[in-house]
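Okay, so here's the structure we're looking at.
In the working numbering, the protein residues as written are 3 to 571.
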């Protein structure tokens, strides 16, 4: 290590037979540090003459400036043009929001075991990772090991929240040390190490302007963003604020939108994806400034939202940020939330408390939001410089015993894929969920996949399961028709059984078809033995779930005590 760039940076590696010996060896290491000036503040880091995090920083962009990304329409599409066109009827509100740095806080810190497999040059790696398939590719590229000699297993991961959507140095070191020693190597992170060594999230300065007419019609929005990269770029660090770029306009109609992002290096723990990855940051900003705009206009903040969101009759709708929303029903979700919340009554109570100078005041928070989820298609992720694709894969096998093996490329870490995936397959195959084994998180058994993150598993992986199950049924239909001496078109598939139309007594269950496919004693010409099917799905677009959250908070203005009065989502 030539320079330590943040607290938690890797300096030395100790290898020992026990963790106690390793701890003693760490204590024995003396590092001769030469103190260097550090830069922690993002705006300070952008100033000429500030300490350089990387000596080779591109001077043409300025000290510590990682990148600039402008989405700056000119002419009629610009923010200034929209405000100018409205003249004296325009109201502009500008606010600065600080989206604070966060940590993933997963239930169990990271851990990795790398075990060389005899003389075969093969390596099995058990890692608490969200991305075993992507990790295998990246480990192969970094270490030089052939990808087919690496087997990655993600056991019970202990939560991830984006914090394990990464290839960490400890995974690389474990593999390289195991290769060198020819024996298994284990590393387990402590909680205190996790706080400074696992990547962080958020950490943005958002200067946001919004413009509307005096009666509340939105005109446009302008966002100037500074995003803290930390000391190093991780798997998708630069792309996180760019995901947010698409979401600042949210569910609202406007004619002008400008976005400018500066990524900056600082002497802090690197940032990357955590819980929403850029999109919650944008939602926070737009919802806060909508409240500020409502206050400036003297309007109810809910009314301001309702008069500006996309209505049911306008879908599909292309937003000013370029996203194509396929559907939505913001009115219905919000109406139900308002009903459960008792919005009008709580607003009346709020006004009464203000009028009486009640020491305990009532605050009401609103968020009507959407989010780009189901991260795909691959070409879009490529434009964001992600290292992998957005497709997902599934293989389904009907075993000779009638059981089903479902092999998925998703890799759960608490999402409950075993249950959900079994239910999807069961609904199509007519097989009890208890007879379906879901195989995941092991590149030796599930060699193809893009793993679990970005709210994509059901939206993308679920489609692959559905398509593979339907293909399996169609192959089974051909075999069953041959056995029942009828045309495949003359068969109904009901509750896991092929039945001849008009003669339901003539039937063959899927389990019997699977056994026939296994023995291959009497298959139709051109049909290969075994009963299995696979599917790879790369969606054409994101999915756009939406919702409404309402919160009532009581604040004691004398003591500062805050309590939740009511929360509805």
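Glycine included, C-beta positions come from ideal geometry on N, C-alpha and C. Model, not experiment: these values are computed from the prediction.
Can you name, in chain order, every residue of its own chain whose Cβ lies under 6 Å from the Cβ of residue 377, other than the five neighbours on each side? Contacts found: 392, 456, 458.
Assess contact between the stretch 10 to 27 and the stretch 244 to 252, defined as three or more Cβ pairs (one per stretch) separated by less than 8 Å. Is contact present? Touching, no.
Shortest alpha-carbon distance to residue 272 belongs to which of 326, 375, 106? Of the listed residues, the one whose Cα sits closest to residue 272 is 106.
Secondary structure at residue 380, three-state DSSP: helix, strand or coil? It is helical.
Any contact between the stretch 176 to 195 and the stretch 224 to 232? By contact I mean 3 or more CB pairs, one from each, below 8 Å. The stretch 176 to 195 is not in contact with the stretch 224 to 232.
Cβ atoms of residue 437 and residue 468: under 8 Å apart, would you say? No, the Cβ-Cβ distance between residue 468 and residue 437 is not below 8 Å.
Nearest-angstrom Cα distance between residue 331 and residue 4? Rounded to whole angstroms, residue 331 to residue 4 spans 55 Å at the Cα level.
Rounded C-beta distance between residue 208 and residue 101? I'm assuming under 8 Å. With 8 Å as the limit, residue 208 and residue 101 qualify as a contact, their Cβ atoms being about 6 Å apart.
With DSSP collapsed to three states, give me the class of residue 543. DSSP, reduced to helix, strand and coil, places residue 543 outside both helices and strands of the structure shown, so it counts as coil.
Tell me whether residue 108 sits in a helix, a strand or coil according to DSSP, three-state version. Coil at residue 108, not helix or strand.
Stretch-stretch touch, CB-based, cutoff 8 Å, three pairs: the stretch 476 to 484 with the stretch 521 to 536: In this structure the stretch 476 to 484 lies against the stretch 521 to 536, because at least three pairs of beta carbons, one per stretch, are closer than 8 Å.
Given this structure, state the Cα-to-Cα distance separating residue 510 from residue 397, to the nearest angstrom. Distance between residue 510 and residue 397, taken at the CA atoms: about 23 Å.
What residue ranges within the stretch 66 to 104 form continuous beta strand (DSSP E) runs of no fewer than 3 residues, ordered along the chain? Those beta strand (DSSP E) runs which fall completely within the stretch 66 to 104 and span 3+ residues are 67 to 73.
Cβ atoms of residue 321 and residue 251: under 8 Å apart, would you say? The answer is yes: Cβ separation under 8 Å.
For the alpha helix (DSSP H) containing residue 141, list its first residue and its last residue. Here the alpha helix (DSSP H) through residue 141 covers 134 to 145.
Can you find the residues in the same chain that come closer than 6 Å, C-beta to C-beta, to residue 433, ignoring five residues on each side of it along the sequence? Setting aside the 5 residues that flank it on each side, residue 433 is surrounded in the same chain by 406, 498, each with a C-beta closer than 6 Å to its C-beta; the list follows chain order.
Measure the alpha-carbon distance for residue 366 versus residue 307 and round it to whole angstroms. Cα to Cα, residue 366 sits roughly 15 Å from residue 307.
Pick out whichever of 72, 354, 349, 218 has its Cα sitting closest to the Cα of residue 260. Comparing alpha carbon positions, the residue from 72, 354, 349, 218 closest to residue 260 is 72.
Pull up the distance between the alpha-carbon of residue 214 and that of residue 93, whole angstroms please. Their backbone Cα atoms lie some 5 Å apart in a straight line.
What does DSSP give as the partner residue(s) for residue 558 in the beta ladder? Listed as beta-bridge partners of residue 558 by DSSP are 362.
Using a threshold of 8 Å, state whether the C-beta atoms of residue 130 and residue 142 are closer than that. Between residue 130 and residue 142, the gap from beta carbon to beta carbon reaches 8 Å or more.
For residue 185, the nearest candidate out of 417, 346, 120, 254 (CA to CA): When each option's Cα is compared against that of residue 185, the closest is 120.
Three Cβ pairs or more, each shorter than 8 Å: is that satisfied between the stretch 309 to 326 and the stretch 230 to 238? Segments in contact, no.
Could you tell me which of 401, 171, 138 sits nearest to residue 514, measuring between CA atoms? If you compare the alpha carbons of 401, 171, 138 with that of residue 514, the shortest gap goes to 401.
Mind pulling the alpha helix (DSSP H) runs of 4 or more residues that sit fully within the stretch 280 to 304? List check, alpha helix (DSSP H) in window: 281 to 299.
Where does residue 484 sit, in a helix, a strand or coil, going by DSSP? Looking at residue 484 - three-state DSSP - the assignment turns out to be helix.
Measuring straight from C-alpha to C-alpha, what distance separates residue 435 and residue 420? Each residue's Cα considered, the two are about 9 Å apart.
Whole-angstrom Cβ separation of residue 371 and residue 549, contact assumed at under 8 Å? Contact between residue 371 and residue 549 holds: their C-beta atoms lie close to 6 Å from each other, under 8 Å.
Start and end residues, beta strand (DSSP E) containing residue 501: Where residue 501 is concerned, the enclosing beta strand (DSSP E) starts and stops at 499 to 502.
Span of the beta strand (DSSP E), counted from its first residue to its last, around residue 118: Residues 113 to 119.
Quick one: grab the DSSP three-state call for residue 34. Coil at residue 34, not helix or strand.
How far does the beta strand (DSSP E) with residue 415 in it extend, from its first residue to its last? Note, residue 415: premise wrong, no beta strand (DSSP E); not H, not E.
CA-to-CA distance, residue 83 to residue 220, given in whole angstroms: The C-alpha of residue 83 is placed about 14 Å away from the C-alpha of residue 220.
Given residue 454 as reference, the closest of 95, 85, 135 once Cα atoms are compared: Nearest in C-alpha terms to residue 454, of all of 95, 85, 135, is 135.
Quick one: what's got a C-beta closer than 6 Å to residue 328's C-beta in the same chain, skipping five residues either side? 318.
Could you check whether residue 347 and residue 97 sit closer than 8 Å to each other, using their CB atoms as the reference points? Here residue 97 is not near residue 347, since their CB atoms are 8 Å or more apart.
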